[in-house]
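Scroll down for the structure; my scribbles are underneath it.
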Amino acid sequence: MEMVLVRELTRKYTSLLLLAGLFLVGCQGYKPMPLQPEDHMKQWLERTPRSEGVVEFARKLSEEDPGAIEYDPDDGIDLAEAQLIAMVFNPKLRLARKRAGVAAATAENAGLWDDPSFSIDVLRITESVANPWVIMPGLSLTIPISGRLEVEKSRADALMQEALVRVAGEEWLVRQEVRDAWARWSASLLAAEEAGTLIESIEQMVEMTGRLADLGELRRTEAGLFRIENAQRVRELAGLEARALSNRQQLHMLLGLSPDAPLELLPSLDVFVPGEVDIDLTMSNPELRRLREAYEVAEHSLQLEVRKQYPDLTIGPLYETDQGQSRIGFLGGIPIPVLNANRQGIAEATARRELARAEFEAAVEILEGTIAMTRIRMTALEEEYGELVRVIGPMVDQQVADARTLIRLGEAGEGGTLVLLESIVRLHETKTRMIRVLMDQALECSRLEYLLGPGYENDSTWIQDLDNEETEVTR
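In my numbering, the protein residues as written are 30 to 504.
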């Protein structure tokens with residue numbers, strides 16, 4: 030009996046079976062791709078500033094923008110060149126671009142029609158008849174008359190645009206992170222250099238006070254203070270050198286290079302203060318740009334949920350064999366949006382759109398306040414640096430010079446060497462504070478540059494002007 034059914038199906042529906050097989054041939058296959066950590070580790074260890082990807086990226090930039098930096102790793106890597114390397118190898122950027130690739134793949138295949146559906150019903154008449162089989166095959170196709178697919182496509186495109194804007198924001202953020210790490214590393218080098226200078230001065234005083242103590246012209250307890258101070262400063266220098274190495278390793282990580290990658294970095298602690306700018310922050314600030322695109326996604330999402338309440342038409346041919354008699358016909362169906370009408374989806378999408386609007390508006394308010402706070406801190410740092418250069422620095426210079434003169438003339442009196450030690454330490458503290466202020470200023474300027482986003486020009490060089498007033502402190 031079963032063989033009779035098989036022969037009947039094969040005889041009458043061979044063409045349909047062949048068509049179904051043809052559809053299956055068009056399906057995609059699966060190919061596994063296992064992880065290869067050893068190969069990746071090898072490639073990572075081989076990365077250098079001279080890698081082909083970096084050089085090619087720099088070449089394309091110079092072709093598109095004649096004013097772009099001239100990339101030359103042979104003379105050392107400066108800040109701008111380090112930022113360029115980070116654009117190629119930074120791990121966070123590589124991940125962000127891969128995520129954008131997912132959104133692009135979704136957009137490329139969004140808005141497609143649903144596959145046709147083939148169905149077949151097979152019944153057998155239990156009574157004894159000549160042809161007991163009732164066979165009803167059907168082929169149905171959904172016609173998207175609601176316009177849902179067009180909205181799905183536009184929403185996927187909006188999601189892809191949001192992903193691209195997110196990548197641009199990540200790139201701008203990585204540039205800031207490289208600037209910040211560069212400032213901290215450069216400042217740590219300066220601080221270590223200054224600590225070494227202080228140790229040299231104290232070691233000379235240790236030798237001098239030791240001789241005076243041997244001659245009985247200075248108490249040994251007083252001479253011992255210089256040895257203690259020297260030991261403490263040596264320990265401080267070791268900590269500063271370790272901090273500089275750690276900050277340098279942070280740069281290696283941001284640039285996507287291994288700890289042992291050959292990298293000759295050129296330290297700098299430049300401060301560029303962005304002046305007042307006339308730009309549309311909603312189109313320039315990376316976060317506001319992303320939130321603007323997120324709102325567009327929310328708009329398309331609501332539009333899609335609204336379209337979902339409208340029915341799509343399902344149609345197709347129908348064929349039936351009943352007791353040896355064949356019939357052909359037509360099947361059709363359409364949902365009636367009466368009981369559900371996608372009310373829940375529409376309500377949720379409406380609420381999400383309002384949330385996206387509120388997030389954008391709140392971010393605008395927070396951004397304006399953050400920019401104002403950053404400028405206040407920058408002004409305070411500017412005033413502090415100016416006072417260190419113009420007021421405190423010359424006073425400390427004069428104090429050290431006077432103490433040395435009195436000791437040289439033998440007029441320092443009791444405790445004169447301690448006065449000189451205190452003066453030299455104050456000089457060191459003043460220089461260290463200047464380095465710290467310069468670093469803080471660089472970090473605040475970097476933060477302001479990130480908040481403003483691309484598309485403005487720096488117009489202030491007050492740090493360079495102040496440095497022209499050279500004293501022992503500024504040297």
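Glycine included, every Cβ here is placed at the ideal spot set by N, Cα and C.
Note that the coordinates shown come from a computational prediction; the quantities given were computed from them, not determined experimentally.
Per DSSP, the bridge partner or partners of residue i
i	result
Gly285	Answer is none; Gly285 lacks a bridge partner.
Gly361	Ile344
Arg356	Glu349
Ile106	Leu294
Neighbourhood of residue i by C-beta distance below 6 Å, restricted to the same chain and skipping five residues each side
i	result
Glu322	Gln190, Glu191 and Val194
Leu388	Reading off the sequence shown, one finds Glu at residue 388, where the question assumed Leu. Same-chain partners within the cutoff: Leu320.
Glu349	Met165 and Arg356
Arg455	Val425
Thr490	Residue confidence is low: Thr490 scores 38 on pLDDT, short of 50, so the model does not pin down where it sits. Its coordinate-derived value is still stated next. No residues qualify anywhere along the chain.
Arg504	At Arg504, the pLDDT of 49 sits below 50, so the modelled position is not reliable and the matter cannot be decided from this model.
Arg476	Thr403
Glu156	none
Val151	Ile164
Ser91	Ala97
Val207	Ala111, Gln112, Ala115 and Leu283
Gln428	Ser452
Supposed close pair residue i, residue j - CB separation, criterion 8 Å
i	j	result
Lys337	Arg177	6 Å
Ser287	Leu74	5 Å
Ile154	Ile164	Actually they do not touch by this definition, with Cβ atoms about 12 Å apart.
Leu280	Ala210	5 Å
Phe86	Leu284	Wrong, their Cβ atoms sit about 13 Å apart, outside the cutoff.
Arg381	Ala327	5 Å
Leu450	Glu258	7 Å
Ile114	Val83	6 Å
Arg204	Gln112	5 Å
Ala136	Asp186	5 Å
Ala273	Ala221	6 Å
Leu347	Gly358	4 Å
Thr446	Ile436	7 Å
Trp201	Gly398	About 20 Å; that fails the 8 Å criterion.
Leu227	Arg262	6 Å
Close beta carbons around residue i, own chain, < 8 Å, minus the five adjacent residues each side
i	result
Gly105	Glu293, Leu294 and Leu295
Glu232	Asn259
Leu333	Arg177, Val180, Glu181, Arg184 and Ala378
Arg433	Leu449
Arg277	Trp214 and Leu294
Neighbourhood of residue i by C-beta distance below 7 Å, restricted to the same chain and skipping five residues each side
i	result
Gly239	Ala252
Ala392	Glu316, Leu317 and Leu320
Ala125	Arg195, Val196 and Glu199
Glu473	Thr403, Arg406, Met407 and Leu410
Ala290	Arg76, Thr77 and His281
Glu390	none
Arg386	Tyr324
Leu396	Leu310, Asn314, Leu317 and Leu480
Leu495	Confidence is the limiting factor: at Leu495 the pLDDT is only 35, short of 50, which leaves the residue's position unreliable and the question unanswerable from this model.
His329	Val180, Ser183, Arg184 and Ala187
Lys121	Glu199 and Val203
Just list the alpha helix (DSSP H) runs in the segment 116–158, keeping only unbroken ones of 4 residues or longer that don't cross its boundaries, in chain order. With a minimum length of 4 residues, the continuous alpha helix (DSSP H) runs that stay inside the segment 116–158 are 120–137.
Examine the Cβ distances between the segment 337–351 and the segment 158–176 and report whether three or more of them are shorter than 8 Å. The segment 337–351, when compared against the segment 158–176, does touch it at the 8 Å Cβ threshold.
Curious, which full-length alpha helix (DSSP H) runs of at least 4 residues does the segment 397–473 contain? The segment 397–473 is shown to contain whole alpha helix (DSSP H) runs of 4 or more residues at 422–438, in chain order.
Assess, as a yes-or-no matter, whether the segment 193–207 is touched by the segment 123–132 under the definition of 3 or more beta carbon pairs within less than 8 Å. Segments in contact, yes.
Within the chosen definition, does the segment 462–473 reach the segment 411–428 through at least 3 CB pairs nearer than 8 Å? The answer is yes - the segment 411–428 touches the segment 462–473, with three or more Cβ pairs under 8 Å.
So within the segment 163–245, which uninterrupted alpha helix (DSSP H) runs reach at least 4 residues, ignoring any that extend past its ends? Runs found: 177–243.
Would you call the segment 266–274 and the segment 95–102 in contact, with 3 or more CB pairs under 8 Å? Touching, no.
For a minimum of 4 consecutive residues, which ranges assigned as the alpha helix (DSSP H) are wholly contained in the segment 51–101? With a minimum length of 4 residues, the continuous alpha helix (DSSP H) runs that stay inside the segment 51–101 are 66–74 and 81–93.
Under 8 Å, with one C-beta from each stretch per pair, do the segment 211–219 and the segment 361–375 reach the 3-pair mark? The answer is no - the segment 361–375 does not touch the segment 211–219, with fewer than three Cβ pairs under 8 Å.
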